[in-house]
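A.B. asks: Handing you this structure, nothing more for now.
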Amino acid sequence: MPIDPYILLLLGTVGLAALFPARGTASDVASGASTAAIAFLFFLYGARLSTREAMDGLKHWRLHVTVLACTFVVFPLLGLAARGLVPVLLTHPLYQGLLFLTLVPSTIQSSIAFTSMARGNVPAAICAGSFSSLVGIVITPLLAAAVLGGSGGGFSADSAVKIVLQLLVPFVAGQLLRRWIGGFVTRHKKVLGLVDRGSILLVVYTAFSAGMVQGIWHQVSAVQLGGLLAVEAVLLAVMLLLTWYGAKALRFDREDRIAIQFAGSKKSLAAGLPMASVLFGAHASLAVLPLMLFHQMQLMVCAVIAKRRAHDAEARETEGAAPGPVTASVPAAESRTAVGTGTRSG
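In short: position in the sequence shown from 1, add 57, done, that's my numbering.
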């Protein structure tokens, strides 16, 4: 399974920060640029998100409630349950990052792509991802205040102010201006997508530079990274099973179950990285590491699952299209009966 090219860019950015971290004045400039980039990112999120389309999707409210429950209830509960793994498998900073990962909203793009590949309910995946992103702007910081603040995460009133100014205000501004700039944003989707990704790379460089300068990375060993990967693999497996069989127990059809599985088991790197930068500040480098690893893991695993679901759908279609032996034999039997009847009557 090939690695997502963007993950390679992120790893390259981490390597650049390790070799050439921003210090002194350069650090101040990078920090200011990162703050502006985060605000611009969420402004674009607001300008892109169609509130009308999201509201139209409310007719399938059971599916959306299920996805939101998986994203913002089940995931955080599993994150809290992992507290018992400290310090056996996870250090406290890595656990903080893992816990933050469970609070992040779902993805939009990859959820849609995998749902489409697996022959699932694509409109539902679009609405579910949009709802999750919209709700996550508010609920992720609130959950962070409740969960991370109570477990030594350093969440404070200053963090809340930063969230409002850097995330919520730009997002609302984008929504308000969507009427006038929505067409421009749609027409230049590819270019603005590059701006999106470039902004996130800047956020990552700034966060990891601060971590290098403060010596945070010397606290992490290869064994600890291995433990983190193992925990994340179990977390992803549990969520994939819960979303699929839970949706089945709730009597959703196959297409809806596919949308629920892919939207309910994912976490957004694009939304999570800027949020972590605001919430964790100089300690964001360790906080975002679990999210970066989980992102690549979910892409690889879900690609395999999507292909399998697509194969199953094709097999079902083939079986449905093939003529059955009973259908073929009935006309033949009727023909023989008719011939026999004609012979006797003659």
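We put the beta carbon where it would ideally sit given N, CA and C, even for glycine. Values in this document were obtained by computation on a predicted structure and should not be read as measured data.
CB P78 to CB S334, shorter than 8 angstroms?
C.D. replies: Here residue 78 is taken as the residue at index 21 of the sequence shown, counted from 1. Here residue 334 is taken as the residue at index 277 of the sequence shown, counted from 1. Taking 8 angstroms as the Cβ cut-off, P78 and S334 do not qualify as a contacting pair.
A.B. asks: Is F351 closer than 8 angstroms to L293 when the C-beta atoms are compared?
C.D. replies: Within the sequence shown, residue 293 is the residue found at index 236, counting from 1. Within the sequence shown, residue 351 is the residue found at index 294, counting from 1. Yes, Cβ-Cβ distance for L293 and F351 is below 8 angstroms.
A.B. asks: Taking Cβ positions only, does P227 come closer than 8 angstroms to chain B?
C.D. replies: Here there is only one protein chain, and chain B is not present.
A.B. asks: Mind checking E289: buried by the 16 CB within 10 Å criterion, or exposed?
C.D. replies: As a position in the sequence shown, residue 289 is number 232, starting the count at 1. It counts as buried.
A.B. asks: What would DSSP say about L146, mapped onto helix, strand or coil?
C.D. replies: On the sequence shown, position 89 is the one that residue 146 refers to. Coil, per DSSP.
A.B. asks: Report yes if the C-beta of L348 is less than 7 angstroms from at least one heavy atom of the ligand HEM; otherwise report no.
C.D. replies: Absence of the ligand HEM is noted for the structure shown, with no ligands found whatsoever.
A.B. asks: Identify the continuous alpha helix (DSSP H) that holds R314 and give its terminal residues.
C.D. replies: Position 257 of the sequence shown, counted from the start, is the residue given in the question as residue 314. Note, R314: alpha helix (DSSP H), 311-321.
A.B. asks: Helix or strand or just coil, what does DSSP make of L307?
C.D. replies: For the purposes of this step, residue 307 is identified with residue 250 of the sequence shown, where counting begins at 1. Three-state result, L307: coil.
A.B. asks: Since I believe Y262 is in contact with A87 (beta carbons under 8 angstroms), could you give me their beta-carbon distance rounded to a whole number of angstroms?
C.D. replies: Translated into positions along the sequence shown, residue 87 becomes position 30. Translated into positions along the sequence shown, residue 262 becomes position 205. Contact holds; Cβ gap of about 7 angstroms.
A.B. asks: I'd like the span of the alpha helix (DSSP H) that includes T70, first residue to last.
C.D. replies: Looking up residue 70 in the sequence shown gives position 13. Taken as a continuous stretch (DSSP letters only), the alpha helix (DSSP H) holding T70 covers 62-76.
A.B. asks: From the DSSP output, in three-state form, read off K324 for me.
C.D. replies: As a position in the sequence shown, residue 324 is number 267, starting the count at 1. K324 falls in the coil class under three-state DSSP.
A.B. asks: Taking the alpha helix (DSSP H) that A96 belongs to, which residues open and close that run?
C.D. replies: Against the sequence shown, residue 96 aligns to sequence position 39. Per DSSP, A96 belongs to the alpha helix (DSSP H) from 81-105.
A.B. asks: Given a cut-off of 8 angstroms, decide if H117 and F188 are closer than it, judged by their beta-carbon atoms.
C.D. replies: For this step, residue 188 is matched to residue 131 along the sequence shown. For this step, residue 117 is matched to residue 60 along the sequence shown. Result no, Cβ atoms of F188 and H117 do not sit closer than 8 angstroms.
A.B. asks: So P347 and I95 are supposed to be a Cβ contact under 8 angstroms. How far apart are they, rounded?
C.D. replies: Your numbering for residue 347 matches position 290 in the sequence shown. Your numbering for residue 95 matches position 38 in the sequence shown. Their Cβ separation, rounded to whole angstroms, is 20 angstroms, which puts P347 and I95 out of contact at 8 angstroms.
A.B. asks: In whole angstroms, what is the alpha-carbon distance linking S325 and A341?
C.D. replies: Position 268 of the sequence shown, counted from the start, is the residue given in the question as residue 325. Position 284 of the sequence shown, counted from the start, is the residue given in the question as residue 341. Their Cα atoms are separated by approximately 16 angstroms.
A.B. asks: Helix, strand or coil for T164? Go by DSSP, reduced to three states.
C.D. replies: Counting from 1 along the sequence shown, the entry for residue 164 is found at position 107. The answer is coil: DSSP assigns T164 none of H, G, I, E or B.
A.B. asks: Taking only the alpha-carbon atoms, compute the straight-line gap between P62 and S91 and give it to the nearest angstrom.
C.D. replies: Locating residue 62 in the sequence shown gives position 5, counting from the first residue. Locating residue 91 in the sequence shown gives position 34, counting from the first residue. If you take the alpha carbons of P62 and S91, they lie about 22 angstroms apart.
A.B. asks: Specify, as a first and last residue, the run of the alpha helix (DSSP H) that S190 falls within.
C.D. replies: Mapped onto the sequence shown, residue 190 falls at position 133. Counting along the chain, the alpha helix (DSSP H) containing S190 begins and ends at 179-204.
A.B. asks: Under the rule that 16 or more other beta-carbon atoms within 10 Å means buried, what is F241, buried or exposed?
C.D. replies: Position 184 of the sequence shown, counted from the start, is the residue given in the question as residue 241. Exposed, by the Cβ-count rule.
A.B. asks: Return the CA-CA distance between A360 and F171, expressed in angstroms with no decimal places.
C.D. replies: The residue given as residue 360 occupies position 303 in the sequence shown. The residue given as residue 171 occupies position 114 in the sequence shown. Cα to Cα, A360 sits roughly 7 angstroms from F171.
A.B. asks: So the alpha helix (DSSP H) W118 belongs to, where does it begin and stop?
C.D. replies: Within the sequence shown, residue 118 is the residue found at index 61, counting from 1. Its alpha helix (DSSP H) spans residues 118-126.
A.B. asks: On a CA-only basis, which of G72, T197, K305, L151 is nearest V277? Give me that one, please.
C.D. replies: Mapped onto the sequence shown, residue 277 falls at position 220. The residue with the shortest Cα to Cα distance from V277 is L151.
A.B. asks: Report all residues from its chain with a CB closer than 6 angstroms to the CB of I64; omit the five preceding and five following residues, and keep chain order.
C.D. replies: If you number the sequence shown from 1, residue 64 lands on position 7. For I64, where only same-chain residues beyond five positions count, the Cβ hits under 6 angstroms are Q353.
A.B. asks: For A105, which residues of its own chain have a beta-carbon under 7 angstroms away from its beta-carbon, when the five flanking residues on both sides are left out?
C.D. replies: Mapped onto the sequence shown, residue 105 falls at position 48. Before going further, note that residue 105 is Arg rather than Ala in the sequence given. Result list for R105: V242, in chain order.
A.B. asks: Mark W301 as exposed unless 16 or more other C-beta atoms lie within 10 angstroms of its C-beta, in which case mark it buried.
C.D. replies: For this step, residue 301 is matched to residue 244 along the sequence shown. So W301 counts as buried.
A.B. asks: I'd like the list of long-range same chain contacts for A175, defined as Cβ closer than 6 angstroms, with 5 residues on each side in sequence excluded.
C.D. replies: As a working mapping, residue 175 is identified with position 118 in the sequence shown. Answer for A175: I315, A363, R366, A367, listed in chain order.
A.B. asks: To the nearest angstrom, how far is it from the Cα of I194 to the Cα of L225?
C.D. replies: Working through the sequence shown from its first residue, we reach residue 194 at position 137. Working through the sequence shown from its first residue, we reach residue 225 at position 168. For I194 and L225, the distance between alpha carbons rounds to 7 angstroms.
A.B. asks: Would you mind sorting D313 into buried or exposed? The rule is 16 or more other CB atoms within 10 Å of its CB.
C.D. replies: The residue labelled residue 313 in the question sits at position 256 within the sequence shown. Buried.
A.B. asks: For I238, which residues from the same chain have a beta carbon less than 7 angstroms from its beta carbon, with the 5 sequence-adjacent residues on both sides left out?
C.D. replies: Indexing the sequence shown from 1 puts residue 238 at position 181. Cβ within range, chain order: A104.
A.B. asks: Taking the alpha helix (DSSP H) that G141 belongs to, which residues open and close that run?
C.D. replies: Walking along the sequence shown from the start, residue 141 turns up at place 84. No alpha helix (DSSP H) contains G141, which DSSP labels as neither H nor E.
A.B. asks: In the DSSP assignment, find the unbroken alpha helix (DSSP H) run with R236 in it and report its ends.
C.D. replies: Sequence index remark: in the sequence shown, residue 236 carries index 179 (1-based). Segment 226-244, the alpha helix (DSSP H) holding R236.
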